[in-house]
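K.L.:
Chains as they are written, first to last, in the numbering used here: chain A, 16 to 731; chain B, 16 to 731.
The beta-carbon is built from N, C-alpha and C at its ideal position, and this holds for glycine as well.
Remember, it's a predicted structure, so these values are computed and weren't measured experimentally.
Structure provided below as structure tokens; questions to follow.
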């Protein structure tokens with residue numbers, strides 16, 4: 016473990032925050048945290064002991080999971096497991112609805128394409144990466160030099176024999192670079208999922224909301240070959256032996272208890288400039304909200320047609336709803352917290368400070384202005400870019416485009432290729448396609464393509480898409496829309512590609528071979544590429560330029576204010592800590608930090624998403640709680656709140672007490688703090704976790720899963 | 016003041032209530048209340064002193080008002096004043112939107128038809144009324160005997176010279192009868208209304224909701240002739256001199272403070288049987304919800320057409336929305352609290368108790384069964400009745416029908432006429448018509464008639480309406496609807512009655528004269544009467560029968576359980592008391608009992624109904640609070656909660672502290688306790704009041720209304 020050079024920036028001063036509990040810390044920063052204070056609050060472990068726990072915290076699909084037995088048993092969220100449960104389901108055996116229980120190893124269901132990834136090691140490789148660039152480079156050159164160097168390092172550390180994958184990621188917006196080594200397991204099997212009426216109780220209505228009453232958990236098991244190495248699914252595989260795993264605490268939580276979390280948060284924007292905020296507030300979120308609403312509406316129409324389609328698109332709709340609520344919450348939050356105004360004011364003060372210090376003025380005098388220019392330029396193609404992105408929701412043409420785009424890349428030398436199209440990435444893309452194909456619904460795909468092509472009709476002069484103008488031939492209004500409908504119908508009709516699997520062979524073909532097929536879907540891909548590729552270049556130029564400017568921006572703030580700095584989330588393993596704590600969401604309202612089974616019953620209407628299972632109501636009525644009751648509530652505790660700093664990707668993370676025992680599974684942030692991705696706020700930012708005793712109560716009293724109860728290690 | 020015979024029924028036992036704070040007490044019950052306990056909680060007045068305050072509590076339009084100066088100044092709610100402010104407004108001078116300030120007597124605006132009614136005296140007249148009935152009567156005979164006796168007594172006590180109106184009302188569902196004497200003032204002038212963005216801040220979204228941030232208050236002044244007697248509007252009139260009025264307390268409220276309210280609650284159903292609950296839950300509320308939604312939708316479509324129509328129908332829509340939310344809340348509440356199941360269980364226990372006591376079995380053995388039969392019979396015409404009622408939303412044909420129906424009644428001897436069609440009532444009807452005419456929108460009226468005639472198409476066999484079947488002539492679906500549209504268009508087109516005023520002369524005509532006019536609207540009235548009048552008779556039979564059974568039901572419960580009994584609300588003056596107190600609306604949520612100006616700002620979106628005036632935001636930003644700040648909140652207190660027992664009609668009631676000083680103006684109940692009309696619940700039932708210091712802050716700092724500030728008496 017290398018010691019990280021720490022940066023001192025008082026975020027709490029410049030952003031009006033209390034410092035405590037903010038931060039998604041890299042594990043090599045543990046020693047720099049206020050350990051004494053954390054110990055006073057209840058932590059009983061040393062930094063080394065916490066670091067050691069990393070071996071039990073994994074990436075699983077889009078979330079995080081934790082190892083909870085020596086035999087590779089993984090606990091995560093129901094909503095992380097959703098895709099897997101969905102894939103295991105059929106209209107006859109709907110495990111989403113009724114839940115799934117394996118009562119022996121034999122009954123566990125393999126989920127092809129579902130993977131579990133362990134972090135084996137990581138280190139700072141900043142010097143190695145930054146040697147690739149020098150001052151005279153153009154933004155595009157800089158971008159490409161950095162991308163290629165990262166790939167070189169990855170290639171150097173990749174080790175197929177040892178089953179090690181390497182990934183180099185930037186930290187602090189390019190101020191630093193880290194190498195991570197992963198081990199990826201591909202034989203993952205579904206072990207237990209509660210019925211949706213527990214695992215997703217409250218559904219999209221309660222999503223992001225407190226008070227919450229969701230039993231958002233599921234279990235998987237990781238299998239390996241007999242040597243313990245990753246292997247494709249095989250009957251011969253055995254459960255992965257794991258040295259480090261979390262015991263389960265029966266002690267429960269009270270307001271003020273110390274907690275910590277380890278997990279893989281996806282993305283935060285804590286160091287973004289006002290220009291970035293303005294872009295998201297005024298352009299990106301409003302567009303995406305419209306996009307999500309349109310897609311949801313379109314898919315819901317398709318889902319009504321038959322129950323099989325409904326199952327197939329349910330996961331997609333769920334994800335879209337989640338994104339929609341997130342984006343709306345972001346916008347609400349930006350406005351409510353006046354984030355943009357605050358950032359602008361801070362930057363004015365920063366500029367004044369820079370201007371009054373000659374040394375700083377030399378280094379940072381233009382940084383704000385330069386960032387501003389980049390965003391001004393972005394605005395000249397932002398809408399066009401957004402519509403092009405939206406079109407990729409129609410997965411069949413989008414996949415044909417991917418194959419076509421890859422063929423273009425293949426014409427370059429391997430070393431000059433865009434690393435996004437590395438062999439490794441393409442292999443993974445193809446793997447994903449195979450699994451996604453089961454969820455592919457052609458009519459839904461067509462419907463999405465139609466609505467998003469129609470969005471292109473609203474683009475302003477200068478950002479219009481040539482291939483769309485070609486379709487509508489100067490028509491407007493209903494006539495233009497009819498032309499699009501007819502064109503899409505013909506496209507899907509005449510193309511030989513009918514599902515995602517049928518596209519896979521295209522990834523082996525050259526551009527010439529593709530074009531010689533004379534398939535209208537390939538012709539569409541060619542035209543799409545004509546407008547998309549220049550935008551890709553612009554994106555790279557933007558990335559190259561901003562990767563110079565953002566580190567300067569952060570350094571300028573650091574030199575101005577000082578403080579202890581953590582890098583933005585980027586899906587690498589992080590540590591965060593905080594207390595069990597409620598909050599005041601608004602004037603005259605107090606939210607307590609724990610919900611109870613009583614609250615599940617209160618919300619029960621019998622109609623989804625508030626259809627508590629009868630058995631659960633019965634257990635409540637009989638107070639049949641076994642050893643899982645919360646003594647403070649005199650009831651089963653269902654979910655709880657704490658001040659830890661997490662974001663999307665953390666879903667399923669272990670919530671641990673001061674001894675490192677499992678007290679919960681994190682599954683959400685709260686609506687009022689949606690903007691925490693931009694700004695943590697100790698008054699409002701909360702993690703929502705399912706109480707581990709609710710998990711145990713469901714396994715024990717609701718479903719009598721002796722198989723699992725025997726395997727889990729419960730401590731008092 | 017006569018002493019009331021008090022009944023002892025332990026409502027809290029049979030209904031699972033804490034007793035304290037429940038009850039809308041008649042003022043002759045004051046001495047029977049637990050005065051010692053009330054004094055320990057903070058009341059400093061004697062029963063006589065409280066009784067004395069009745070002279071300062073008035074009926075004003077649909078709500079309650081209180082006298083707050085010796086010169087007839089009346090404080091009530093903005094939503095009670097809404098109709099008056101609306102009538103004073105024009106598209107150019109929209110006082111709803113911008114508020115209204117009189118800065119001198121001359122600027123006060125007379126509101127024709129707006130009345131203030133004082134309770135002069137009241138007494139128990141049970142014996143006098145019940146002498147009119149004997150055991151052998153049929154239900155219809157009983158109903159008519161009671162109605163005529165009540166009218167006789169009223170006639171006896173009416174005194175035009177002394178400007179006294181008399182009204183006999185039943186208490187305890189007919190177990191007792193009371194005579195009330197009123198003095199009605201007709202020259203009422205608008206003095207002050209805040210802008211809607213204060214007076215109705217939060218609008219229909221926040222209606223019934225806590226936390227609330229509405230400044231729901233307005234001022235009027237009552238004018239009289241020079242002798243202080245009621246008189247029609249005249250320039251010569253002078254402000255009414257009033258001996259009793261409420262001083263305004265600056266002391267503010269804290270959780271646990273004692274409060275009491277006097278006012279005119281409209282209607283409660285605390286002693287209803289399970290059969291009544293079942294009828295409301297399964298038939299009446301679902302129908303009304305549909306009715307309100309349909310009417311709102313129809314009127315909103317009309318309102319879109321032009322701003323004048325929008326103003327005219329705004330009050331109607333507001334009322335409908337209120338009714339809709341109420342009915343939905345009722346249904347929600349019934350289900351959530353399992354009211355029907357609880358009542359049924361209680362009645363089973365009651366029946367078992369009756370059956371096991373021979374004396375009781377003799378008196379009450381059949382009462383539950385008999386009530387059940389009445390409701391079974393009601394079900395045979397309930398849907399038809401509901402549709403006929405809905406049709407009265409179209410006010411033009413409904414008014415013509417009223418005149419026609421009155422003509423039928425006039426054919427009888429005065430003593431045999433239905434008292435509902437007494438001269439007095441008809442005079443009042445005509446007065447109302449004149450005022451309502453200003454709000455009449457012919458197209459909206461037509462649209463309502465169309466949609467509700469279409470509802471009649473859904474009636475089951477046996478309840479169908481002959482005159483509707485005649486219109487559609489066997490057609491169904493879209494064809495039937497088109498037939499109705501055409502018929503209504505023709506009806507309004509061909510009728511000579513174009514607005515409500517044009518109908519007034521009809522009230523002077525005989526049935527023959529009316530029919531001789533050969534107006535299609537009169538022909539409609541005739542056909543409507545053919546189906547409506549038999550239902551009127553059924554209603555009377557129901558009323559006659561239930562007026563025997565309900566008192567027996569209440570007496571049986573009393574003999575079973577004991578307790579202290581208050582009569583259901585019936586729009587007569589009542590007293591209720593309780594503490595300032597928050598509540599837990601649901602699992603893990605605490606509502607505090609006071610909101611603050613901070614909360615107003617939090618909710619401010621700039622868009623109605625959350626468009627706080629800029630001036631208000633400025634006052635908040637500058638903490639420019641004058642002497643009106645709440646020291647506990649360190650902010651302006653806006654609204655507060657207390658446990659007093661009120662309902663619709665109490666809107667605008669004075670909220671008083673232990674000294675009888677004004678601390679607030681009651682304006683709402685909370686959503687979670689909507690079913691309080693059926694069942695008070697100390698855990699959930701709350702009154703929502705505007706803090707009197709918010710009223711004063713708005714007058715003082717926001718609008719600088721020196722004129723009023725000088726007149727009001729403020730005490731510390």
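(1) Tell me the rounded alpha-carbon separation between residue 132 of chain B and residue 570 of chain B.
(2) Where does residue 74 of chain A land, buried or exposed, given buried means 16+ other C-beta within 10 angstroms?
(3) Using beta carbons (cut-off 9 Å, strictly below), is residue 712 of chain B in contact with chain A?
(4) Distance check for residue 586 of chain B and residue 330 of chain B, CA to CA, integer angstroms please.
(5) Note down the Cα distance separating residue 342 of chain A from residue 281 of chain A, rounded to an integer number of angstroms.
(6) Just confirm the distance between the C-beta atoms of residue 39 of chain A and residue 598 of chain A, as a whole number of angstroms; I'd bet it's less than 8 Å.
(7) So, for residue 600 of chain B: in the same chain, excluding its five sequence neighbours on each side, which residues have a beta-carbon less than 7 Å away from its beta-carbon?
(8) Can you look up residue 138 of chain A in the DSSP assignment and give me helix, strand or coil?
(9) Mind the definition here: the stretch 252-268 of chain B touches the stretch 233-240 of chain B only if three or more C-beta pairs lie below 8 Å; say whether that holds.
(10) If you measure between the beta carbons of residue 614 of chain B and residue 602 of chain A, is that distance less than 9 Å?
(11) Do you know offhand how far residue 44 of chain A's Cα is from residue 277 of chain A's?
(12) If you draw a straight line from the C-alpha of residue 439 of chain B to the C-alpha of residue 666 of chain B, how long is it?
(13) Return the Cβ separation of residue 155 of chain A and residue 429 of chain A in integer angstroms, given the expectation that the two are a contact with Cβ distance under 8 Å.
(14) Pull up the DSSP beta-bridge partners for residue 103 of chain A, would you.
(15) Under 8 Å Cβ to Cβ from residue 304 of chain A, same chain only, skipping five residues before and after it: list those, please.
(16) Taking Cβ positions only, does residue 2 of chain A come closer than 9 Å to chain B?
(17) Which residues mark the beginning and the end of the beta strand (DSSP E) in which residue 737 of chain B is found?
(18) Using a Cβ cut-off of 9 Å (strictly closer), state whether residue 581 of chain B contacts chain A.
(19) Do you know offhand how far residue 660 of chain A's Cα is from residue 588 of chain A's?
(20) Candidates A:710, A:324, A:706 and A:670: which alpha carbon is nearest residue 81 of chain A's?
(21) May I ask you to list, following chain order, the residues of the stretch 594-607 of chain B that have a beta carbon less than 7 Å from some beta carbon of chain A?
(22) Identify every run of the alpha helix (DSSP H) within the stretch 592-646 of chain B, keeping only runs that are complete inside it and at least 4 residues long; order them along the chain.
(23) Under 8 Å between beta-carbons, which chain A residues line up against residue 614 of chain B? List them in chain order, please.
(24) Pairing CB atoms from the stretch 243-252 of chain B with CB atoms from the stretch 652-659 of chain B, are three or more of them under 8 Å?
(25) Does the CB of residue 434 of chain A have a neighbour CB from chain B at under 9 Å?
(26) Is there a Cβ of chain B sitting closer than 9 Å to that of residue 2 of chain A, yes or no?
(27) Looking at C-alpha atoms only, which residue of A:649, A:396 and A:230 is the closest neighbour of residue 298 of chain A?
(28) Which runs of the alpha helix (DSSP H) at least 4 residues long sit entirely within the stretch 56-124 of chain A? Give them in chain order.
(29) Quick check on the burial criterion: 16 or more other C-beta atoms within 10 angstroms. Buried or exposed for residue 504 of chain A?
(30) Would you report the Cα separation of residue 559 of chain B and residue 698 of chain B, rounded to the nearest angstrom?
(31) On the criterion of 16 or more Cβ atoms from any shown chain inside 10 Å, does residue 435 of chain B qualify as buried, or is it exposed?
(32) Can you give me the start and stop residues for the alpha helix (DSSP H) that residue 719 of chain A sits inside?
(33) Quick one: any contact between the stretch 463-478 of chain A and the stretch 400-411 of chain A, if contact means 3 or more CB pairs under 8 Å?
(34) Quick check: residue 260 of chain A and residue 85 of chain A, are their CB atoms within less than 9 Å of each other?
(35) Using the three-state DSSP reduction, which class does residue 419 of chain A fall into: helix, strand or coil?
(36) Counting only C-beta atoms, is residue 617 of chain A closer than 9 Å to chain B at any point?
P.N.:
A quick look at the data gives this:
(1) 34 Å
(2) buried
(3) no
(4) 22 Å
(5) 15 Å
(6) Residue 39 of chain A to residue 598 of chain A, Cβ: 20 Å. No contact.
(7) 606 and 687
(8) strand
(9) yes
(10) yes
(11) 13 Å
(12) 26 Å
(13) Not confirmed; about 20 Å, so no contact.
(14) None, per the DSSP bridge assignment.
(15) 339, 342, 343 and 346
(16) Examination of residue 2 of chain A is not possible in this model, given that chain A is present from 16 through 731 alone.
(17) Lying outside 16 to 731, the shown extent of chain B, residue 737 of chain B is not represented and no answer is given.
(18) no
(19) 13 Å
(20) A:670
(21) 601, 602, 603, 604, 605, 606 and 607
(22) 612-618 and 629-636
(23) 601, 602 and 603
(24) no
(25) no
(26) With chain A covering only 16 through 731, there is no way to say anything about residue 2 of chain A.
(27) A:396
(28) 62-67, 93-103 and 110-113
(29) exposed
(30) 37 Å
(31) exposed
(32) Looking at the DSSP string, residue 719 of chain A is not in any alpha helix (DSSP H), and its letter there is neither H nor E.
(33) yes
(34) yes
(35) helix
(36) yes
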